[in-house]
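Since the structure comes first, as structure tokens, the remarks are kept for the end.
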Amino acid sequence: MTVPTAPEASNKPTISASETTQQTQSAKQSRQSKQPQRKHDRLITRDMALVMLATFCFMSSNMLANPIVAGYAESLGASGMLMGVVAGSMSFTSLFCRPIAGNLSDKTSKRTLVAIGTVLYFAAGLLYYFANSPTMLIMARVINGVGFACCSVCLATWMSLLLPIRHMGAGMGLYGTMNALAMAVGPALGIRAQKHIGYRLTFLSSLILAAIMLIATLMVKNGGQPVRKKQTSTTENPSAAVDIDGSAGATKKHLFSIRSILEPRVVPLSLTFMMFAIAYFANQSFIVSYVQSRHLPVSSDLFFMFYAVALLVLRLGLRDLFDSKGFRFWLTVCSLGMLAMLACMTFLFNDWMLLLAAIFTAIGYGLMSSVTQAQAVVIAGRERSGIANSTYYAGIDLGMSVGPFVGGLVYGHLPAVWFYPVFMLAMPVAWLIYLLCVKRVSR
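Its first residue numbered 9, the sequence shown is counted upward by one per residue in our numbering.
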């Protein structure tokens, strides 16, 4: 009598009904989540476009004043030294206010802080208009500096929170385009407006840009609420509890630390970029005087328009490379660009050479600005993007302060033809800073 054998299929591992149900549900969820992920993974959204518009208006308003405020101070009776104090007081104030603004931007709504900064812009604009002494101009510049620090950090942080992390380089590159375009268009508008309507009305007209900035930020749906680190439950593991800044124990939450106002990992980036900013802002401050002293047949105000167009083309054309190439690659390209720009300005003889210098400026300072800012956010992480941006902007503030000051010393003590060759030394210094801190700068 034979014993019936089990079918061959019975030897295969069986899957329970609960496991099958779980697999089916997870498959459905993955299929359902694909479309929203594609939607939120877009590089540019409505909110991002509004933030970039606000950024362009805010930076244009600031840069419009920079090339004419020293002349305005002189017309009110300021001496040469006092003219320098008036011109540099905004960036000097911003340098000390940015860390505070960066810390606040990681803890509160970005919309609220930008609105506060806009109110300060209006107050500064009215002081510019009614100023009757250099002292009032200094007061206006100080208020302008506080608003500048607040808006610059908050808008950059806001943009980084709206971007998918995989598009951080390309997205911040486009955001940086708005900054750089404004830094090119603003000075040209300020110089031309002052010639036609005078100092007071030029400063008053900058309030139109501030109003557009405020309207744009109010239209952004995502108010830019702060990102918080997930905290380990103390009931599960009391020793694992950390505060928002990563300090162990609740008792250390309120203690002051350098990380509350500065991101140490971004400092090397900021110092490296500062050397580019020194050369750029020295050129911005003295290009008109340089052309006049050498009696060159060149329209100096065209430099900023050429630079704006070149930068727009470059950043739109190279945006995908920002996420695929490393920081050293961009540092090499941008350093060569700045050296070429300084060489073109040294041998400047017509508007075509000025165009070439503007293109190399876009390759140098323009691209480096976006690369450095994106790298700063990636290094620090989203939850500390405000502090990272404030640390990055400290390099710009230092460049805006040191560049014109050193430029004045060079211009006053050396022949004009040596002005730009001296600033070529900034590029080797930038590389020295990078090589000393390469482990912190690398991804």
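Backbone N, C-alpha and C define an ideal beta-carbon position, used for all residues, glycine too. Computed from a predicted model, the values in this text were never measured in an experiment.
Classify residue i: buried if its beta carbon has 16 or more other beta carbons within 10 angstroms, exposed otherwise.
i	result
Ala57	exposed
Arg325	Per the sequence shown, residue 325 should be read as Gly rather than Arg. Exposed, by the Cβ-count rule.
Ile395	buried
Val306	buried
Pro195	buried
Asn358	exposed
Gly85	exposed
Val425	exposed
Met227	exposed
Leu417	exposed
Arg54	exposed
Pro75	buried
Pro540	As displayed, the chain neither begins before 9 nor continues past 451, which places residue 540 out of reach and without an answer.
Thr340	exposed
Ser97	buried
Gly345	buried
Gly420	exposed
Leu209	exposed
Ile205	exposed
Phe355	exposed
Leu121	buried
Leu171	buried
Leu270	buried
Leu128	buried
Ser87	exposed
Leu422	exposed
On the three-state DSSP scale, how would you describe residue i?
i	result
Ala95	helix
Val228	coil
Phe357	coil
Glu82	helix
Gly415	helix
Met432	coil
Gly374	helix
Ala348	helix
Arg302	coil
Gly334	coil
Thr120	helix
Pro172	coil
Leu444	helix
Ala402	helix
Asn455	Residue 455 lies beyond the stretch modelled for the chain, which goes from 9 to 451, so this question has no answer here.
Leu90	helix
Ser160	helix
Lys115	coil
Asn397	helix
Ala316	helix
Of all the options the options, which has the alpha carbon lying nearest to the alpha carbon of residue i?
i	options	result
Tyr315	Val77, Met91, Phe368 and Met147	Phe368
Gln381	Ser117, Val275, Phe431 and Cys352	Val275
Leu444	Ser99, Ala384 and Arg273	Arg273
Met349	Leu170, Glu271 and Gln292	Gln292
Phe337	Gly403, Tyr288, Gln383 and Tyr129	Gln383
Leu320	Ser308, Tyr288, Ala366 and Met353	Ala366
Ser400	Met91, Ala95 and Leu103	Sequence check: residue 400 is Tyr here, not Ser. Closest by alpha carbon: Leu103.
Asn1	Asn74, Leu189, Tyr207 and Ala109	An answer regarding residue 1 cannot be provided, because it is not within the stretch 9 to 451 covered by the chain.
Leu112	Met91, Glu82, Ala434 and Cys162	Cys162
Ile124	Ile151, Gly96 and Ala434	Ile151
Leu61	Cys105, Ser99, Tyr80 and Met167	Met167
Phe130	Leu170, Val341 and Ser213	Ser213
Tyr428	Leu322, Ile404 and Arg302	Arg302
Gly415	Ala285, Leu363, Ala402 and Phe355	Ala285
Met435	Leu209, Leu171, Met147 and Ala351	Ala351
Met413	Lys229, Leu90 and Val59	Met is not the amino acid found at residue 413; the sequence shown has Phe there. Ranking Lys229, Leu90 and Val59 by Cα distance to Phe413 puts Leu90 first.
Thr6	Tyr80, Phe211, Leu171 and Thr126	Outside the displayed span of the chain (9 to 451) sits residue 6, for which this structure offers no information.
State yes or no: is the C-beta of residue i within less than 8 Å of the C-beta of residue j?
i	j	result
Ala438	Met283	yes
Leu134	Met144	no
Met408	Leu347	no
Val193	Arg149	no
Phe289	Leu189	no
Ile441	Thr280	yes
Gly411	Ala318	no
Thr165	Lys115	no
Ser83	Tyr207	yes
Leu322	Leu362	no
Gly403	Ser308	no
Ala73	Phe211	yes
Any heavy atom of the ligand COA closer than 7 Å to the CB of residue i?
i	result
Thr369	Ligands are entirely absent from the displayed structure, and the ligand COA is therefore not among its contents.
Does the stretch 178 to 193 come into contact with the stretch 293 to 300, if we say contact requires no fewer than three beta-carbon pairs (one atom in each stretch) closer than 8 Å?
no
Say whether the stretch 139 to 154 touches the stretch 368 to 384, bearing in mind that this needs 3 or more beta-carbon pairs closer than 8 Å, one atom from each stretch.
Put simply, the stretch 139 to 154 does not touch the stretch 368 to 384. Fewer than three CB pairs are less than 8 Å apart.
Three or more C-beta pairs below 8 Å linking the stretch 61 to 76 and the stretch 207 to 217:
The answer is yes - the stretch 207 to 217 touches the stretch 61 to 76, with three or more Cβ pairs under 8 Å.
Contact the stretch 190 to 205 vs the stretch 154 to 174: 3+ CB pairs below 8 Å:
no
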